[in-house]
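Asks:
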Amino acid sequence: MMTELLVAVAVIAALSALLALLLLTADAVLLAYGECTLTINEEEEKVVEGGNSLLAGLMDEGIFVPSACGGRGSCGLCKVKVLEGGGPLLPTEMPHLTEEEREDHWRLSCQLKIRGDMALELPEEILSLQEYKTRVKRITELNYDTRMVRLEMVEPPELKFKAGQYIQLQTPAYGLTPEPVYRAYSMASPADRRDYIELIIRRVPGGICTTYVFELLEEGDEATVNGPYGDFVLSETDREIVFIAGGSGIAPIRSILFQMEREQNPRRATFFYGCNELRDLYLVEEMREFEQKVPNFEYVPVVARHEGEWDGETGLVTEAVDRRVEDCSDTEVYLCGSPGMIDASVKLLQGKGLTEERTFYDKFA
Ligand SMILES: Cc1cc2nc3c(=O)[nH]c(=O)nc-3n(C[C@H](O)[C@H](O)[C@H](O)COP(=O)(O)OP(=O)(O)OC[C@H]3O[C@@H](n4cnc5c(N)ncnc54)[C@H](O)[C@@H]3O)c2cc1C
Ligand code: FES
Numbered sequence: 045m046m047t048e049l050l051v052a053v054a055v056i057a058a059l060s061a062l063l064a065l066l067l068l069t070a071d072a073v074l075l076a077y078g079e080c081t082l083t084i085n086e087e088e089e090k091v092v093e094g095g096n097s098l099l100a101g102l103m104d105e106g107i108f109v110p111s112a113c114g115g116r117g118s119c120g121l122c123k124v125k126v127l128e129g130g131g132p133l134l135p136t137e138m139p140h141l142t143e144e145e146r147e148d149h150w151r152l153s154c155q156l157k158i159r160g161d162m163a164l165e166l167p168e169e170i171l172s173l174q175e176y177k178t179r180v181k182r183i184t185e186l187n188y189d190t191r192m193v194r195l196e197m198v199e200p201p202e203l204k205f206k207a208g209q210y211i212q213l214q215t216p217a218y219g220l221t222p223e224p225v226y227r228a229y230s231m232a233s234p235a236d237r238r239d240y241i242e243l244i245i246r247r248v249p250g251g252i253c254t255t256y257v258f259e260l261l262e263e264g265d266e267a268t269v270n271g272p273y274g275d276f277v278l279s280e281t282d283r284e285i286v287f288i289a290g291g292s293g294i295a296p297i298r299s300i301l302f303q304m305e306r307e308q309n310p311r312r313a314t315f316f317y318g319c320n321e322l323r324d325l326y327l328v329e330e331m332r333e334f335e336q337k338v339p340n341f342e343y344v345p346v347v348a349r350h351e352g353e354w355d356g357e358t359g360l361v362t363e364a365v366d367r368r369v370e371d372c373s374d375t376e377v378y379l380c381g382s383p384g385m386i387d388a389s390v391k392l393l394q395g396k397g398l399t400e401e402r403t404f405y406d407k408f409a
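So the mapping is simple: our numbering equals the position in the sequence shown, first residue as 1, plus 44.
Right, here's the structure in full:
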């Protein structure tokens, strides 16, 4: 009896050891993906180390796929066409892909890991995106939580972009992040100046990139950006324009206003700029100057709460828009800032005749 028991224990122990060995071997085999080949547009091959996300793997190879959320799976911008390899769709990709896109082999590159060879189809726009080495030329405090950072292009020496587009700023590894991360910032400067870009950056308490910008970045420092990305650009119609922004959402609209000034664009345009308190307002004088320099432009700052002197619009930006905009059936609306403000404004204006094709936005989230 005793012998049988000992044999049974020995068999169970041996089986357990075998199972553990199998698991360890499987783990080693499955997780060590080794070198993988990414074939791009059937012509170019990039050999990369497996295990990374496709987004990061491509970036290491100098291929910059648009990404506004830094790879957190929330912006949905990093879609690429994976014709072969890649495995089944992941639950984190599903919300960002339409039925049609799924059938057409689109994947969310920040969620998809490189686990083997893949065949990709990438458009020319993506292949032409570049990384730029820059130097911080000037930092200007706009108010207590927002600064303008001017980056002078070093290599390549010029960045060609359209007013309204954004770049990704690299935050190097530091206390809050063990590896570099990227965040999107809209160009606020004139697009005809290719030798520098200006960014308007608002501090997010505890935020990885903004803490770096406010606590570590100094004039004279090097900074790395890539891009330019985005299609939040002025259309070529002659329709009336309503711009709506809050906080640092003023950035791309400032760049578009420089464009309208340069072109002496005659379109009627009203810019509603919402903020909480008077101390949040900045660039007011410059906006008033645009009223003089852009043929049919009006700037409407809207302050939610105020204690001091203020004879402008008050309340939520949507309330001021509601008071002043009657009919949107032939108007284009450009919105930039928090998702909540954008969604509320679009809902309001759809009730006044705004359609999806005439709505353009960049959600800063
Ligand atoms: C297309 C695009 C253009 C953008 N342009 C600009 C710009 O011109 N200027 C600018 O200042 N920002 C802009 N942003 C936002 C910017 O990319 C970052 O998301 C933001 O600066 C926060 O980055 P972070 O690394 O400091 O914070 P993270 O470390 O990413 O976030 C820390 C925490 O704060 C939350 N959080 C992130 N962003 C915000 C926010 N804006 N408000 C409140 N909580 C937040 C996160 O959910 C997280 O919990 C843009 C975003 C997009 C998508
Ligand atoms: S980078 Fe934003 S969803 Fe992939």
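Just so you know, even glycine gets a beta-carbon here, dropped at the ideal spot from N, CA and C. Note that the structure is predicted; figures quoted are calculated from it, not measured.
Compute the Euclidean distance between the alpha carbons of P167 and V369, then round it to the nearest angstrom.
Replies: So the alpha carbons of these two residues sit roughly 39 Å apart.
Asks: Got a sec? Which residues, its chain only, sit under 6 Å from E242 by beta carbon, not counting five neighbours each side?
Replies: Excluding sequence neighbours, E242 sits near M192, R194, A232, S233.
Asks: Let me know the secondary structure DSSP gives R227 once reduced to three states.
Replies: It is a strand residue.
Asks: Quick check: does the Cβ of G219 come within less than 7 Å of any heavy atom belonging to ligand 1?
Replies: No.
Asks: For R298, which residues from the same chain have a beta carbon less than 6 Å from its beta carbon, with the 5 sequence-adjacent residues on both sides left out?
Replies: These residues qualify, in order along the chain: A232.
Asks: Indicate whether V277 and T314 have their beta-carbon atoms separated by less than 8 Å.
Replies: No. Outside cutoff.
Asks: List in chain order: all unbroken alpha helix (DSSP H) runs of 4+ residues lying wholly within the stretch 169-217.
Replies: Correct list: empty.
Asks: If distances are taken between C-alpha atoms only, which option among I183, T215, E143, K177 comes closest to V198?
Replies: Answer by Cα proximity: K177.
Asks: Between the C-alpha atoms of Y240 and G131, what's the straight-line distance to the nearest angstrom?
Replies: If you take the alpha carbons of Y240 and G131, they lie about 42 Å apart.
Asks: Should S279 be labelled buried (16 or more other beta-carbon atoms within 10 Å of its own) or exposed?
Replies: Looking at its Cβ environment, which holds fewer than 16 other Cβ atoms inside 10 Å, S279 is exposed.
Asks: Listed in chain order, which residues are found with a beta carbon closer than 7 Å to a heavy atom of ligand 2?
Replies: In chain order, the qualifying residues are L99, S111, A112, C113, G114, G115, R116, G117, S118, C119, G120, L121, C122, H140, L152, S153, C154, Q155.
Asks: Can you grab the Cα-Cα spacing for the pair L133 / T142, in whole Å?
Replies: Approximately 12 Å between the Cα atoms of the pair.
Asks: Beta-carbon separation of Y210 and A228 under 8 Å?
Replies: For Y210 and A228, yes; Cβs fall inside 8 Å.
Asks: Does the Cβ-Cβ distance between A348 and G356 come in under 8 Å?
Replies: Not a contact, by the Cβ cut-off of 8 Å.
Asks: Going by beta-carbon coordinates alone, are E284 and V338 separated by less than 8 Å?
Replies: No, Cβ-Cβ distance for E284 and V338 is not below 8 Å.
Asks: So, M331 versus V361, is the Cβ gap smaller than 8 Å?
Replies: Against a cut-off of 8 Å, the Cβ pair of V361 and M331 comes out as no contact.
Asks: When burial is assigned at 16 or more other CB atoms within 10 Å of the CB, is V328 buried or exposed?
Replies: Looking at its Cβ environment, which holds fewer than 16 other Cβ atoms inside 10 Å, V328 is exposed.
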